[in-house]
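**Student:**
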Amino acid sequence: MTYRDTAIEVAGLTTSYGDHAVLRGIDLTVPTGTVYALLGPNGAGKTTMVRILSTLVAADEGRARIAGFDVRTQPDRVRRCIGVTGQFSAIDELLTGRENLRLMADLAHLDAREAGARVADLLVRFGLADAAGRRAATYSGGMRRRLDLAMTLVSRPRVIFLDEPTSGLDPRSRRDLWQVVRELLAGGVTIFLTTQYLEEADQLADTVGLLDGGRLVATGTPAELKLRAGGETLDDVFLALTGHAVATPADQDERQAAR
Ligand SMILES: Nc1ncnc2c1ncn2[C@@H]1O[C@H](COP(=O)(O)OP(=O)(O)OP(=O)(O)O)[C@@H](O)[C@H]1O
Ligand SMILES: [Mg+2]
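Take any residue in the sequence shown, note its place counting from 1, add 615, and you have its number in this note's numbering.
Shown next as structure tokens:
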């Protein structure tokens with residue numbers, strides 16, 4: 616297989632923080648032009664996985680290739696073809712929406728004309744044209760998420776990592792974002808997303824991987840997993856295959872509030 620067929624290829628990926636083993640031998644393959652959704656409870660290692668695949672941290676063992684490039688030995692090549700929207704926003708609150716996008720265009724070395732056109736196009740596509748001149752500090756949560764994703768797309772990445780892209784969004788904003796993901800897919804990009812929303816994986820993913828205890832305990836299409844676990848929803852599937860429920864965003868909010 617070449618990178619034309621395979622956007623992400625991971626073999627034996629293993630990593631620990633101190634004596635806490637977070638990933639214990641992850642193998643996965645994501646065909647180009649598809650969506651892979653990584654599901655798992657809080658602390659399962661989803662963000663760690665995204666950070667390794669996007670060259671932000673090195674794994675202890677194993678191999679990962681993005682668009683044919685090795686994350687360890689060719690990180691610059693990898694960075695040139697990926698976009699990452701983190702679990703926590705990359706927006707500069709003091710800048711306007713337009714300035715945030717413009718900054719990304721400068722980082723991507725677009726020339727002035729191309730940058731101007733690209734930024735204008737993204738502002739319209741993400742419904743931010745009217746708010747483009749306002750400081751991002753004044754944006755709602757949904758607007759921030761859209762701006763964050765638009766910033767990721769400035770450089771036209773071929774492989775996009777979305778770490779919990781819709782957490783904290785209301786149902787309508789979530790649907791809008793799903794629509795954006797579908798449009799990106801239609802344009803041929805590959806998407807690796809993590810989510811706590813099983814419905815999201817069901818809606819968007821070609822392949823779902825369930826991460827638990829540092830291992831992928833099940834992989835398949837949403838339909839295959841439902842069949843295998845005899846459940847109707849991915850919640851049932853998770854419970855059947857791991858013996859415990861997926862932490863919901865509400866659980867997460869409660870936990871944060873308790874801190
Ligand atoms: N920099 C770090 N130093 C030490 N431990 C870390 C570090 N980053 C993550 N961990 C630990 O690694 C484990 C996996 O964390 P990670 O953030 O990848 O989980 P997650 O699946 O993204 O969780 P969530 O759903 O809460 O976002 C957790 O136990 C976490 O405490
Ligand atoms: Mg995370």
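C-beta: ideal position from N, C-alpha, C; glycine also.
Which residues bound the alpha helix (DSSP H) around D691?
**Tutor:** Start and end: 690-696.
**Student:** If L813 sits next to I806, beta carbons under 8 angstroms apart, how far is it from one beta carbon to the other, in whole angstroms?
**Tutor:** About 17 angstroms; that fails the 8 angstroms criterion.
**Student:** May I have all residues whose beta carbon comes closer than 7 angstroms to any heavy atom of ligand 2, sorted in chain order?
**Tutor:** Every residue passing the under-7 angstroms Cβ criterion appears here: K661, T662, Q702, D778, E779, T809.
**Student:** Could you pull the start and end residues of the beta strand (DSSP E) that E776 belongs to?
**Tutor:** First, the amino acid is wrong: residue 776 is Phe here, not Glu. Segment 774-778, the beta strand (DSSP E) holding F776.
**Student:** Below 8 angstroms between beta carbons: does that hold for F684 and V672?
**Tutor:** For F684 and V672, no; Cβs fall outside 8 angstroms.
**Student:** Reducing DSSP to helix, strand and coil, say where R687 ends up.
**Tutor:** R687: coil per DSSP, three-state reduction.
**Student:** Can you name, in chain order, every residue of its own chain whose Cβ lies under 6 angstroms from the Cβ of R717, other than the five neighbours on each side?
**Tutor:** Excluding positions up to five away in sequence, the list reads V734.
**Student:** Would you say G655 touches ligand 1, meaning its beta carbon is less than 7 angstroms from a heavy atom?
**Tutor:** G655: yes, Cβ under 7 angstroms from ligand 1.
**Student:** Quick check on DSSP: helix, strand or coil for R759?
**Tutor:** Correct three-state label for R759: helix.
**Student:** Work out the CA separation of R695 and G648 for me, nearest whole Å.
**Tutor:** Spanning the two alpha carbons is a distance of roughly 18 angstroms.
**Student:** Taking the alpha-carbon of K841 as reference, which of G829, Q811, L825 has the nearest alpha-carbon?
**Tutor:** Cα-wise, what sits closest to K841 is L825.
**Student:** Since T834 contacts L643 with CB under 8 angstroms, what's their CB separation in whole angstroms?
**Tutor:** Contact holds; Cβ gap of about 7 angstroms.
**Student:** Under three-state DSSP, which class holds A626?
**Tutor:** Strand at A626.
**Student:** Which term fits Q794, buried or exposed, when burial requires 16 or more other beta carbons within 10 angstroms of its beta carbon?
**Tutor:** Looking at its Cβ environment, which holds fewer than 16 other Cβ atoms inside 10 Å, Q794 is exposed.
**Student:** For G633, tell me which candidate among Y651, D675, I667 has the shortest Cα-Cα distance.
**Tutor:** For the residues Y651, D675, I667, the minimum Cα distance to G633 belongs to D675.
**Student:** Would you list the residues sitting across from E676 in a DSSP beta bridge?
**Tutor:** Paired residue(s): T629.
**Student:** Threshold first: 4 residues or longer. Then list the alpha helix (DSSP H) segments lying entirely within the segment 692-740, N to C.
**Tutor:** Runs of the alpha helix (DSSP H) inside the segment 692-740: 712-722, 727-740.
**Student:** Is the Cβ-Cβ distance between Q811 and S788 less than 8 angstroms?
**Tutor:** No, they are not a contact pair.
**Student:** Does the beta-carbon of H859, which I'm using as the reference point, lie nearer than 7 angstroms to any heavy atom of ligand 1?
**Tutor:** No.
**Student:** For the candidate residues L653, V650, A659, whose alpha-carbon lies nearest to that of A636?
**Tutor:** The shortest C-alpha separation from A636 is found at A659.
**Student:** Tell me whether V637 counts as near ligand 1, meaning its Cβ is closer than 7 angstroms to at least one heavy atom of that ligand.
**Tutor:** Yes.
**Student:** Using a Cβ-Cβ cutoff of less than 6 angstroms, which residues in the same chain neighbour L777 once the five nearest sequence positions on both sides are dropped?
**Tutor:** Same-chain partners within the cutoff: T700, L808.
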